[in-house]
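Report on the following structure.
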Amino acid sequence: MGHTVNTSSRLEGKVGIVGWGVYVPIWRVKAIEIARMWGFPEELTKSLWIEEKAIAGEDEDTVTMGWYAAKVAIERGGIDPNEVGAVFVGTESKPYAVKPSATIIADALIDTGVKSASDIEFACRAGGEGIRDSIALVMSGMVKYALAIGSDTAQASPGDVLELTASSGAAAYVIGPEQDSIAVFEGSTVYVTDTTDFWRRDCSPYPRHGEIFTGEPAYFHHIISAAKLLFEELGLKPGDFDYAVFHQPNGKFPLQVGRMLGFPKEKLLPGIVTPWIGNTYNGSALIGLAKVLEEAKPGSRILVVTFGSGAGSDAFSIIVKEGIEERVKKGPKVIDFLERKRYVSYGEYVKSRRIISKIE
Amino acid sequence: MVRDVYILSTSMVKVDRYFNKSYKELTLDVIANVLNNGGVEYIDYVIVSTLLSDSILHQLDISTMLMQYLGLSPIPSFRVETGESSGLAAIELGFSLIASGKADSILIIGIEKLTEYPTNIVNENYSKILDYEVETIRNISPPDYAALIMKEYMKRYKVSREDLTVWPIKMHENALKNPYAQLRFKVSKEKVLNSITIAEPIKLLDTFPIGDGSAVILLGSENTLRRVSSEAVKVLHISSSTSQPLYLRDEILGFTALRNAFKRLLSRFKVNLEETLLEIHDSYSIYAYLILEELGIASKGKAYTMVSELSNVNLSGGLKARGHPFGATGIYQVCEVYSMISSKGLGELRYNGKYGLIHSMSGPDYNSRLCLLEKVM
Numbered sequence: 039m040g041h042t043v044n045t046s047s048r049l050e051g052k053v054g055i056v057g058w059g060v061y062v063p064i065w066r067v068k069a070i071e072i073a074r075m076w077g078f079p080e081e082l083t084k085s086l087w088i089e090e091k092a093i094a095g096e097d098e099d100t101v102t103m104g105w106y107a108a109k110v111a112i113e114r115g116g117i118d119p120n121e122v123g124a125v126f127v128g129t130e131s132k133p134y135a136v137k138p139s140a141t142i143i144a145d146a147l148i149d150t151g152v153k154s155a156s157d158i159e160f161a162c163r164a165g166g167e168g169i170r171d172s173i174a175l176v177m178s179g180m181v182k183y184a185l186a187i188g189s190d191t192a193q194a195s196p197g198d199v200l201e202l203t204a205s206s207g208a209a210a211y212v213i214g215p216e217q218d219s220i221a222v223f224e225g226s227t228v229y230v231t232d233t234t235d236f237w238r239r240d241c242s243p244y245p246r247h248g249e250i251f252t253g254e255p256a257y258f259h260h261i262i263s264a265a266k267l268l269f270e271e272l273g274l275k276p277g278d279f280d281y282a283v284f285h286q287p288n289g290k291f292p293l294q295v296g297r298m299l300g301f302p303k304e305k306l307l308p309g310i311v312t313p314w315i316g317n318t319y320n321g322s323a324l325i326g327l328a329k330v331l332e333e334a335k336p337g338s339r340i341l342v343v344t345f346g347s348g349a350g351s352d353a354f355s356i357i358v359k360e361g362i363e364e365r366v367k368k369g370p371k372v373i374d375f376l377e378r379k380r381y382v383s384y385g386e387y388v389k390s391r392r393i394i395s396k397i398e
Numbered sequence: 291m292v293r294d295v296y297i298l299s300t301s302m303v304k305v306d307r308y309f310n311k312s313y314k315e316l317t318l319d320v321i322a323n324v325l326n327n328g329g330v331e332y333i334d335y336v337i338v339s340t341l342l343s344d345s346i347l348h349q350l351d352i353s354t355m356l357m358q359y360l361g362l363s364p365i366p367s368f369r370v371e372t373g374e375s376s377g378l379a380a381i382e383l384g385f386s387l388i389a390s391g392k393a394d395s396i397l398i399i400g401i402e403k404l405t406e407y408p409t410n411i412v413n414e415n416y417s418k419i420l421d422y423e424v425e426t427i428r429n430i431s432p433p434d435y436a437a438l439i440m441k442e443y444m445k446r447y448k449v450s451r452e453d454l455t456v457w458p459i460k461m462h463e464n465a466l467k468n469p470y471a472q473l474r475f476k477v478s479k480e481k482v483l484n485s486i487t488i489a490e491p492i493k494l495l496d497t498f499p500i501g502d503g504s505a506v507i508l509l510g511s512e513n514t515l516r517r518v519s520s521e522a523v524k525v526l527h528i529s530s531s532t533s534q535p536l537y538l539r540d541e542i543l544g545f546t547a548l549r550n551a552f553k554r555l556l557s558r559f560k561v562n563l564e565e566t567l568l569e570i571h572d573s574y575s576i577y578a579y580l581i582l583e584e585l586g587i588a589s590k591g592k593a594y595t596m597v598s599e600l601s602n603v604n605l606s607g608g609l610k611a612r613g614h615p616f617g618a619t620g621i622y623q624v625c626e627v628y629s630m631i632s633s634k635g636l637g638e639l640r641y642n643g644k645y646g647l648i649h650s651m652s653g654p655d656y657n658s659r660l661c662l663l664e665k666v667m
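Quick note, the sequences are listed as chains A and B, same order. For the first sequence, this note's numbering assigns the number 39 to the initial residue and increments by one for each residue that follows. For the second sequence, this note's numbering assigns the number 291 to the initial residue and increments by one for each residue that follows.
And the structure:
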């Protein structure tokens, strides 16, 4: 893991989070209903710790959800949207295979054409990459603010174990200079290898995965490597953090990886949202982070580690500043979205997600 | 005249998921060890035991491939496959070659590499240990049969599902002391009962985990003994038998292949099971109870009541917790018993007795094999 060039993982709080917003669709389907539909043992939902998942409605997609989260992030940050110089959308479920989702969201929020916008694809980690890129653009002075969005209407083959968790949701972060930020980045590391644990070939409607191979050599190896690198480079240990948020494909994995890294359960639970909304893929760790920001006290140190199959992880150390409570109040909270729900049947879910369709 | 056969040396890797190693590398890891300790100058044959090399590894004639990779050619080699009991079948063949005078030293390799594919593919191929044309094609898999047998056992002997959790609990406890075991953690009654249902009433924790394994045994005749530095254990006998398919059995709670193999063994050797270290094929916990009853250790329907007292059975943790890398399992069992009855030890584990008996079978006792070992000075 040694560096041959002089790079730094230390960001020294020069850049931070100015605003954030999330979106979770109102519709929920119970995991037990999916399990019964396909003959999965009911204990499986308990062992994965998944109770229900959020489903995008017929009129929702990655762009609409990402737009809403971004709008809230800008409003919460109290900034002029025209000062956002870059928009990144991390997604693996773009409405257009070719044509950026980022331009649609950017033009719905920003009046000027003087901005950069692009989609990033790295399974569930692209949102994390968007944050890293945003940090770099802000720190270099190339842009004042950057918008990093993670949004997905995750696909899973009906009957695959993935279907129990693959859900819809989005999170967005306005990244900006220290003086405008309410939480600052102390440091960031990244760890990426070519590990084919989960993939979707071109023209295939659903992803495939290597089952247990997505765990140990993929999720656990990459998260632990990125986190340990961060500890090492910042001279920190798990005890120095008040919260730890991880990518959460289910409820079990973040608890397990947190335990492996030496975090007690009470530092992990505040950032866990997947059991009630499912795995929102690019929104997963970022919605967890939003929930923690909405509960954290000034001075709290938060560890966030993303994971995307293929595979890679970004680790961030974030320190919350004074005045966080005021910024929390300026927009809808994660908890509001967790409570705002209506149940649909398996049939309604597959219809609205266009898993079944009628010929016209 | 039948010649004596000895185990000269053994070696194994921890049963685990080796995502970053090929079957060849896993074999290489164990083989150097055994050749260095075994002290033999030549090997007459190499016998490779593996179950799913054709389907999971896409490799036929795996023994030749291994000879080439390991630099062991021109030594002649075989691959042996008799379902889940392949490991003991390989030892049976090696035993016969030495006993008959055709060979003096034989290297037996057990290798199974399952983590190349997800569970459904492994299970699909594992199900081919049953009759493909009759059973597998009708979607009957080994755990389905174990479930039928378990239901009948519970009904006939009025035993509760809860009573039958004693075996996995004990095996997980035993495995804590075996450094080569795949599952080294304790389980509670609740954990067993709340684990995922495999085939009602069989739970995930009633059965073995999927894992990779590689183990080797060096067998030699008396001629090789004086050159050997490590301790030799004598292979007294290997006895094996086959049975009827489950759907043709008059009695589904009886394991007749095991019964016949044991009868044959007893006709030639006196075996006192109380003073023998036993390793039995507990692919599903219900089979452990049936095997204990078939061997006469417990009376019918009562095996679960005496599990807690058993101090000489499956000290390795059994298939349940040591793991079951199919074709390598029999080799692991023999390696473990060899280690425990000789001064080598299995980690800290040692057995203070002269005899060891290893049982391996395929499916619900479609075939059964027994291997009797004796510690010699």
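Note that CB positions come from ideal geometry on N, CA and C, so glycine has one too. Quantities reported herein were computed from a predicted structural model and do not represent experimental measurements.
Return no unless some Cβ of chain B is closer than 8 Å to the Cβ of residue i.
i	result
L293(A)	no
M39(A)	With a pLDDT of 48 at M39(A), under the threshold of 50, the predicted position of this residue should be treated as unreliable, and no value is reported.
P255(A)	yes
P79(A)	yes
F251(A)	yes
Could you tell me which residues DSSP puts in a beta bridge with residue i?
i	result
N484(B)	Looking at the DSSP assignment, N484(B) forms no beta bridge with any residue, so it has no partner.
W65(A)	I93(A), R380(A)
L636(B)	L639(B)
C241(A)	DSSP, once it has assigned bridges, lists no residue as partnering C241(A).
E333(A)	Looking at the DSSP assignment, E333(A) forms no beta bridge with any residue, so it has no partner.
V370(B)	S339(B)
Does residue i come within less than 8 Å of chain A when only Cβ atoms are used?
i	result
T532(B)	no
R307(B)	yes
Determine the direct distance from the alpha carbon of residue j to that of residue i, and round the result to whole angstroms.
i	j	result
P336(A)	D280(A)	11 Å
E89(A)	F616(B)	36 Å
L185(A)	P292(A)	26 Å
I528(B)	K493(B)	33 Å
G369(A)	G59(A)	7 Å
D145(A)	P133(A)	16 Å
M39(A)	A174(A)	In this prediction, M39(A) has a pLDDT of 48, which is less than 50 and means its spatial position is unreliable; nothing more can be read from the coordinates.
F375(A)	N317(A)	15 Å
E382(B)	E480(B)	41 Å
K266(A)	I357(A)	18 Å
E249(A)	F236(A)	8 Å
V343(A)	K305(A)	14 Å
N413(B)	Y183(A)	53 Å
C661(B)	K553(B)	13 Å
Y257(A)	V295(A)	9 Å
K467(B)	N562(B)	25 Å
Using CA coordinates, which residue listed in the options is at the minimum distance from residue i?
i	options	result
S575(B)	L383(B), G643(B), L483(B), I398(B)	L483(B)
V110(A)	I393(A), K367(A), R391(A), Y384(A)	K367(A)
V122(A)	T129(A), E113(A), E130(A)	E113(A)
G207(A)	S156(A), R239(A), W314(A)	W314(A)
S375(B)	S632(B), Y622(B), V627(B), M630(B)	Y622(B)
L127(A)	G385(A), S139(A), N120(A)	According to the sequence displayed, residue 127(A) carries Val and not Leu. Here the closest residue by C-alpha is S139(A).
A242(B)	G391(B), S390(B), K392(B), S367(B)	Any question about residue 242(B) goes unanswered here, given that chain B covers just 291 to 667.
L580(B)	K441(B), A393(B), L526(B)	K441(B)
G607(B)	E315(B), E371(B), A578(B), E565(B)	A578(B)
G116(A)	W87(A), I55(A), A94(A)	I55(A)
A353(A)	T233(A), V330(A), E167(A)	E167(A)
W76(A)	G197(A), G51(A), K91(A)	G197(A)
I500(B)	L508(B), I411(B), A465(B), L509(B)	I411(B)
Going along chain A, which residues have a C-beta under 9 Å from residue i?
i	result
S575(B)	Here the premise fails: no neighbours, minimum Cβ distance about 17 Å.
P499(B)	Result: empty, since nearest Cβ-Cβ is about 10 Å, beyond 9 Å.
I want to verify the contact list: residues of chain B whose CB lies under 7 Å from the CB of residue i, in sequence order.
i	result
G248(A)	P408
F345(A)	The premise fails here: F345(A) is roughly 17 Å from chain B at the closest Cβ pair, so nothing lies under 7 Å.
So with CB distances below 8 Å, who are the chain B contacts of residue i?
i	result
L82(A)	I486
Quick one: does residue i have its CB under 8 Å from some CB of chain D?
i	result
S85(A)	Absent from the structure is chain D; the protein chains it does hold are A and B.
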